[in-house]
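Student: The structure follows.
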């Protein structure tokens, strides 16, 4: 799951350098994942797998959520 972090860190730097956009002008970065990919974050919005205490724990890593059995309930919550 470190590949997500690697691409964001290095890719953003590369795009800023190539485009000559001032980094202070960037107010947000949109990220699109396949289907329902979940990245678990700590209270500082850092991916859990980057925490040395959790790096060995498989549930700290990115998860591709494939089960959609609760889709109706999720839709109801979003639309409420």
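Numbering (my numbering), first residue to last: 40 to 119. We put the beta carbon where it would ideally sit given N, CA and C, even for glycine.
Hey, quick one: how far does the beta strand (DSSP E) through residue 70 stretch, first residue to last?
Tutor: Neither: residue 70 is in no beta strand (DSSP E) and is coded neither H nor E.
Student: For residue 77, which residues in the same chain have their Cβ closer than 6 Å to its Cβ, ignoring the five residues on either side in sequence?
Tutor: Closer than 6 Å at Cβ, skipping near neighbours: 102, 104.
Student: Mapping DSSP to helix, strand and coil, what is residue 62?
Tutor: Three-state DSSP puts residue 62 in a helix.
Student: Would you kindly report the start and end of the unbroken beta strand (DSSP E) that includes residue 102?
Tutor: Note, residue 102: beta strand (DSSP E), 102-104.
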